[in-house]
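Numbering (the working numbering), first residue to last: 21 to 376.
Accompanying notes for the structure given below.
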Amino acid sequence: MINVTKTFLPPQNEYQAILKEAWDAGWMTNRGVLVKELEARLKDYLEVQDIIAMTNGTLPLQIAIKALGLQGEIITTPFSYVATTSSIVWEGCTPVFVDIHSEYLTIDETKIEAAITAETSAILATHVFGNPCDVEAIEQIAKKHHLKVIYDAAHCFGVRYKGQSVFNYGDVSTCSFHATKLFHTGEGGALFCKPELRDEMYYHHNLGHDGPDVFRSLGINAKMSELQSAMGLAVLPYVDTIVQQRREAVDYYKTLVDALPLKTIELREHTQWNYSYYPVIFKNEIKLLQVKMALEQVDIYPRRYFYPSLNQLPYVKDGNCPISETVASSIMCLPLWAGITKSDIKTICKIIKTSI
Ligand SMILES: *Cc1c(COP(=O)(O)O)cnc(C)c1O
Numbered sequence: 021m022i023n024v025t026k027t028f029l030p031p032q033n034e035y036q037a038i039l040k041e042a043w044d045a046g047w048m049t050n051r052g053v054l055v056k057e058l059e060a061r062l063k064d065y066l067e068v069q070d071i072i073a074m075t076n077g078t079l080p081l082q083i084a085i086k087a088l089g090l091q092g093e094i095i096t097t098p099f100s101y102v103a104t105t106s107s108i109v110w111e112g113c114t115p116v117f118v119d120i121h122s123e124y125l126t127i128d129e130t131k132i133e134a135a136i137t138a139e140t141s142a143i144l145a146t147h148v149f150g151n152p153c154d155v156e157a158i159e160q161i162a163k164k165h166h167l168k169v170i171y172d173a174a175h176c177f178g179v180r181y182k183g184q185s186v187f188n189y190g191d192v193s194t195c196s197f198h199a200t201k202l203f204h205t206g207e208g209g210a211l212f213c214k215p216e217l218r219d220e221m222y223y224h225h226n227l228g229h230d231g232p233d234v235f236r237s238l239g240i241n242a243k244m245s246e247l248q249s250a251m252g253l254a255v256l257p258y259v260d261t262i263v264q265q266r267r268e269a270v271d272y273y274k275t276l277v278d279a280l281p282l283k284t285i286e287l288r289e290h291t292q293w294n295y296s297y298y299p300v301i302f303k304n305e306i307k308l309l310q311v312k313m314a315l316e317q318v319d320i321y322p323r324r325y326f327y328p329s330l331n332q333l334p335y336v337k338d339g340n341c342p343i344s345e346t347v348a349s350s351i352m353c354l355p356l357w358a359g360i361t362k363s364d365i366k367t368i369c370k371i372i373k374t375s376i
C-alpha cells in the first residue's frame, strides 16, 4: 500500500535514549527538560525570534485569535485545511473568505481591501503547501487598516522567504508537527511571535497560570509533553536529509509529470521551499476522480488536499470564491515522503497517464 505520505520514524534506540532524560527527571510535562531543549534547538535551527511548542497545530491558531483579542470578522483563505476556518469559528469570530491566486494558491492580496468592513479585526492566511503569501502586501494592508495578521504556516517547516524564516512574518505564525507533516512530534505544533507578544501567548497556552496559585488571564491547555518533545528531538537531526530526499522525489516527479496534462503550483519568487507536498491540478474533477479511482485499485492512496473549498463548509456563510472552488475540486496531492522510490513514482505516473 502507498499512502499520500509516510511518517519519518527515527531509530527507536535514539528516541529511547532521549526519553531516558525524562524518565531520569521523573517529569512528563509542564516544561520539563525536553520541551525546553526542543524549543531552544528549533529556535536555533529555524532562526526565529521566539517559539512556544504546543500540543498540536490547531490550538496555536485559536490561542492567537484569543490572545490578540480578535472579534468580529477575520479575512481568510478558502483554500487550506479545515483548521484554518474552524479556529476562527471556534473563537466566535466570522470568517470572511477572499479568493485565491490561480497559480500560487495563496490568498489573493489584491482582493483583500474590498472585503474589509468596520467589523474586520484581522487577516488569517495560509502559506499553503509551504508557498508564502504576499507577506509584504498583506503587511501594508494590515497597517493601513489597523488589522492583526496571523499566518497558518502549518506546512512551512524550514521554509525561508527573502533570506529569513517565513515564521517571522505577521504578528503570529503557527506550525503543525503532526505525524503527516515534514517535521513531526507525533501530534504537536508551535506558535511563533514577536517577543512582546510572547507572555500573552504563553499564559493563554498554560491555562492562564502565572505560578501555581495565580491566574493572569483566561487560558487553555496546549502544552507540549516530554514524550512529544523527545520525538521532535529525535527527528530534528534528520530534517536536512528528509528535505533533500523529498527534493529528489519532487524533481523526479517533475520529469514525468511534465509530459502529462497536469498543472502544478507556482512558487513565489525568493522562496526557499521545503518540498512538503506534491500537488497536481487536473483539467477538471472528473479527470481527478478517474485517476484517483485507478490508483486506489492498486492500493495507492493520494489525498484531495484541500477539498472542499472552505467557504463551502456547512457552518460558514458561503462566500463567492470561484477560483478556490475550481482548484479545490481538481487538485490532489501525490504520494511523497523522504525515501519514496523512483520505481513507486514511475508506477504512479504511469497509472495517471493511462487513466487521465
Ligand atoms: C495540519 C494543519 C493544521 C492543523 O494541525 P494539527 O497539528 O493537525 O492540529 C492547520 N492548518 C493547516 C493548513 C494544516 O495543514
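C-beta: ideal position from N, C-alpha, C; glycine also.
Have a look at residue i and residue j and give me their C-alpha separation to the nearest angstrom.
i, j, result
"A174", "L202", "10 Å"
"N50", "Y223", "13 Å"
"Q332", "P98", "9 Å"
"Y171", "Y65", "20 Å"
"G339", "P328", "13 Å"
"P215", "Q69", "7 Å"
"C213", "D191", "6 Å"
"E156", "C195", "20 Å"
"K56", "I285", "37 Å"
"I372", "H204", "30 Å"
"S193", "A210", "8 Å"
"T146", "N188", "14 Å"
"I83", "K63", "20 Å"
"M352", "Q310", "12 Å"
"E59", "A87", "21 Å"
"K307", "S107", "33 Å"
"R323", "H198", "16 Å"
"P15", "P342", "Any property of residue 15 remains undetermined from this structure, which presents the chain solely from 21 to 376."
"S237", "S245", "22 Å"
"V277", "D233", "60 Å"
"I85", "I94", "9 Å"
"V263", "P30", "15 Å"
"T114", "P334", "14 Å"
"W43", "Y325", "39 Å"
"T346", "F302", "10 Å"
"L167", "E159", "9 Å"
"I161", "S100", "21 Å"
"I376", "T96", "33 Å"
"L125", "V102", "16 Å"
"K164", "L144", "16 Å"
Since I believe residue j is in contact with residue i (beta carbons under 8 Å), could you give me their beta-carbon distance rounded to a whole number of angstroms?
i, j, result
"D119", "S344", "6 Å"
"T200", "T25", "5 Å"
"L253", "R61", "7 Å"
"A142", "V169", "7 Å"
"L54", "A250", "5 Å"
"T105", "V336", "6 Å"
"L282", "V300", "4 Å"
"Y272", "K131", "Not confirmed; about 36 Å, so no contact."
"S185", "E67", "5 Å"
"G89", "T140", "Going by Cβ atoms, the distance from G89 to T140 rounds to 14 Å, so no, they are not a contact pair."
"E129", "D154", "4 Å"
"T75", "E207", "6 Å"
"I72", "M313", "Wrong, their Cβ atoms sit about 43 Å apart, outside the cutoff."
"I127", "Y321", "The pair is not a contact, with the Cβ atoms about 29 Å apart (cut-off 8 Å)."
"M48", "L280", "Incorrect: roughly 50 Å between the Cβ atoms, too far for contact."
Can you check DSSP and say which residues form a bridge with residue i?
i, result
"M74", "G209, K243"
"H229", "F235"
"R180", "S185, Q292"
"I381", "A question about residue 381 goes unanswered here, because the residues of the chain that appear run from 21 up to 376."
"N23", "Y321"
"P299", "C353"
"K283", "I301"
"V192", "I170, C213"
Under a CB-based cut-off of 8 Å, is residue i close to chain B?
i, result
"G208", "The structure shown contains no chain B, having only a single protein chain."
Entirely enclosed alpha helix (DSSP H) segments - the segment 141-174, minimum 4 residues: Uninterrupted alpha helix (DSSP H) stretches at least 4 residues long and entirely within the segment 141-174 occur at 155-165, given in chain order.
Stretch pair the segment 162-181 + the segment 140-151: three plus CB contacts closer than 8 Å: Judged by Cβ distances under 8 Å, the segment 162-181 makes contact with the segment 140-151, as three or more pairs qualify.
Cβ contact (3+ pairs, closer than 8 Å) linking the segment 178-187 and the segment 282-297: Because the criterion of three Cβ pairs below 8 Å is met, the segment 178-187 and the segment 282-297 touch.
Sufficient close CB pairs (3 or more, under 8 Å) joining the segment 293-307 to the segment 262-272: For the pair of segments examined, the segment 293-307 was found to touch the segment 262-272: the number of CB pairs separated by less than 8 Å reaches three.
At least three beta-carbon pairs within less than 8 Å, the segment 354-364 to the segment 129-143: The segment 354-364, when compared against the segment 129-143, does not touch it at the 8 Å Cβ threshold.
Given 8 Å, three or more beta-carbon pairs between the segment 110-130 and the segment 213-228: Taking 8 Å as the limit for Cβ pairs, the verdict is that the segment 213-228 does not touch the segment 110-130.
Cβ contact check for the segment 35-45 and the segment 361-370: 3 or more pairs under 8 Å: No, the segment 35-45 does not touch the segment 361-370.
4 or more residues per run - each alpha helix (DSSP H) lying fully within the segment 84-125: Runs of alpha helix (DSSP H) with 4 or more residues, each lying fully within the segment 84-125, are found at 102-110, listed in chain order.
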